[in-house]
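I have placed the structure first, in the form of structure tokens, so that the comments after it can refer back to it.
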Amino acid sequence: MHKNTARALRGLALACALALGASACGSDDDGGSGEQVSADDVQAALDKGGKITVWAWEPTLEQVAKDFEKEHEGVEVDLVNAGTGNDQYTALQNAVSAGKGVPDVAQIEYYALGQFALDESVTDLSGFGAGEFADAYSPGPWNAVTQGGDAVHALPMDSGPMAMFYNKKVFDKHGIDVPTTWDQYVDAARKLHEADPDAYITSDTGDAGFATSLLWQAGSRPYKVKDGTDVTIDFGDAGAKTYTDTWQQLIDDDLLADTAGWSDEWYQGLGDGSIATLVTGAWMPANFESGVKDAAGDWRVAPMPQWTEGEEVTAENGGSSLALPAAGGNQALAYAFAEYANHGDGVQTRIDSGAFPATAADLKSKEFQASRFEYFGGQQANKIFAESAANVPGDWTYLPYQVYANSVFNDTAGKAYVSGTPLADGLKSWQRKSADYGSQQGFTVHQ
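Throughout the sequence shown, residue numbering follows this note's numbering, covering 127 to 573 in sequence.
Have a look at this one:
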């Protein structure tokens, strides 16, 4: 996941959400027919050749497509950037509705996949034998593409196990120990801001993706989905209270920089040390290297702080899959490409280009974990990322209309950052608005 992808997590176009929600009503949850397509069928498609269109914004797929074409003479891959995140989802839904211009393969982020699976806009890949890959991927991404069922709605492409990036130079200057718990993190925030009123432990102006990641790690499971259309939304569990009680302290004491993520000011803050940490996915290093060049050597990576001392629980933030739109053509050839990119030789190609894998074998490999990041002082950061990936609980569930829910986060929970609204009350408002929308779209919603 890169800069533009992460920015997309802040909220997606309402038009896309409305179209998807409306088409979801009355659908079932199998995500496609799951019709059997044998390995011989896939090989026959490769031998025959042909053209497939792939919609994706992930730059590492460029080399993967070239290698795939070179390996399979007669196959042409048309790699199209139809937009990042919400722009592509809107275009994809429009193409599906129009019945033309639908790509054969599409990149879809994990949090958005459920909406396309619910109305059977994507093919169930279990018919291709993809269900056998369960042990090949880390728990978070695999659960995201299967949603706890037998259908496989896409193949995981990358992952975002979380870690804490911190400015060692700033920490050393002010004598701040690297926090291992969120309570210590709050203490570090206070110590830093007292030492330098212009410095903050991190920036946070309200981000749905970040909030759900912290809830995930804290043990909250606010979303439950049964049979695709029976939905429960409840931010009243113990995990949600753990998160809000801690984060409210940072908000109340003005310990968070009021700087929007991915803005020029945000990059500047990371560069000059006024933003001292960033807790996010393992895809972040490339963004540091390209966007915060002058701070090379200042930053390090540490495990994600824990809600309870001694625990080893993390969460995912970001990550995408490759899905086969059901209305696309030549699905056998399309599947061959998706498998090559996400399960075959294309995985290493993408790793070599800076992508963070979802494949368990690569995460565990000595070569991968031994890689040194000169930007982070020669640190073997992949060891921390790989450990984080292994510690992600695999039972997290997104709403089947999470795209819409994320789009209204700042109008509800996000008010806690700009007014006196308690974060806990903001989550309740987010719950109500998400539930009301679901009911309007024909879902059975419980609170």
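Cβ coordinates follow ideal geometry from the N, Cα and C atoms, glycine included.
Leaving out the 5 sequence neighbours to the left and right, which residues in its chain are closer than 6 Å to residue i when beta-carbon positions are compared?
i    : result
A321 : H300
F254 : V163 and Y461
D363 : S346
T406 : N443
L251 : V278
T372 : W308
A421 : G397
E391 : T385
Quickly, what does DSSP pair residue i with across the bridge? List them, please.
i    : result
L404 : F291
H572 : T358
D204 : T179
Q432 : T307
Q374 : DSSP, once it has assigned bridges, lists no residue as partnering Q374.
T485 : Y263
I234 : S447
P282 : S447
W425 : N293
A383 : S329
E442 : P287
F499 : Q505
V271 : For V271, which the question treats as bridged, DSSP gives no partner whatsoever.
V248 : P451
Answer yes or no: do residue i and residue j have a C-beta to C-beta separation smaller than 8 Å?
i    : j    : result
Y311 : A428 : no
V296 : G399 : yes
G227 : Q273 : no
Q573 : I302 : no
T179 : R476 : no
W181 : W342 : no
A334 : N532 : yes
L205 : A191 : yes
P287 : S514 : yes
A344 : W433 : yes
A383 : Y326 : yes
R316 : L381 : yes
I377 : Y543 : yes
F361 : L553 : yes
V518 : A441 : yes
G470 : D230 : no
Y349 : Y524 : yes
S329 : G387 : yes
From which residue to which residue does the beta strand (DSSP E) around residue i run?
i    : result
Y349 : Y349 to K352
L459 : From DSSP, L459 is part of no beta strand (DSSP E) but of the alpha helix (DSSP H) over Q457 to N468.
Need the endpoints of the alpha helix (DSSP H) that residue i sits in, please.
i    : result
E513 : A507 to A516
Y563 : L549 to Q566
D478 : G472 to D478
P411 : P411 to G417
F639 : Residue 639 falls outside the range modelled here, since the chain spans only 127 to 573, and no answer is possible.
F336 : A334 to A344
Y393 : D390 to D398
T216 : N212 to A224
N532 : Q528 to S533
A165 : A165 to K174
Q189 : L187 to E197
Give every residue of the same chain whose Cβ lies closer than 7 Å to the Cβ of residue i, excluding the five residues on either side of it in the sequence, and list them in chain order.
i    : result
Q495 : Q506, N508, K509 and A512
T249 : G158, L450, A452 and Q457
A256 : V278 and L281
Using a Cβ-Cβ cutoff of less than 8 Å, which residues in the same chain neighbour residue i once the five nearest sequence positions on both sides are dropped?
i    : result
V473 : A467, P483, T485 and D488
R498 : G504, Q505 and Q506
C151 : Bear in mind that a pLDDT of 35 at C151, under 50, signals an unreliable position, so the number given afterwards is only what the model happens to contain. T355, Q567, G568 and F569.
E188 : L205
D551 : A542
Are the region 448 to 466 and the region 277 to 291 touching, with three or more C-beta to C-beta distances below 8 Å? yes
Decide if the region 419 to 427 is in contact with the region 499 to 509; the criterion is three or more beta carbon pairs, one per stretch, under 8 Å apart. yes
Segment contact, 8 Å Cβ cut-off, at least three pairs: the region 454 to 471 with the region 167 to 183: yes
Closer than 8 Å is the cut-off here; do at least three beta carbon pairs connect the region 429 to 438 with the region 233 to 243? no
Check whether the region 532 to 541 and the region 553 to 562 are in contact - that is, three or more C-beta pairs closer than 8 Å. yes
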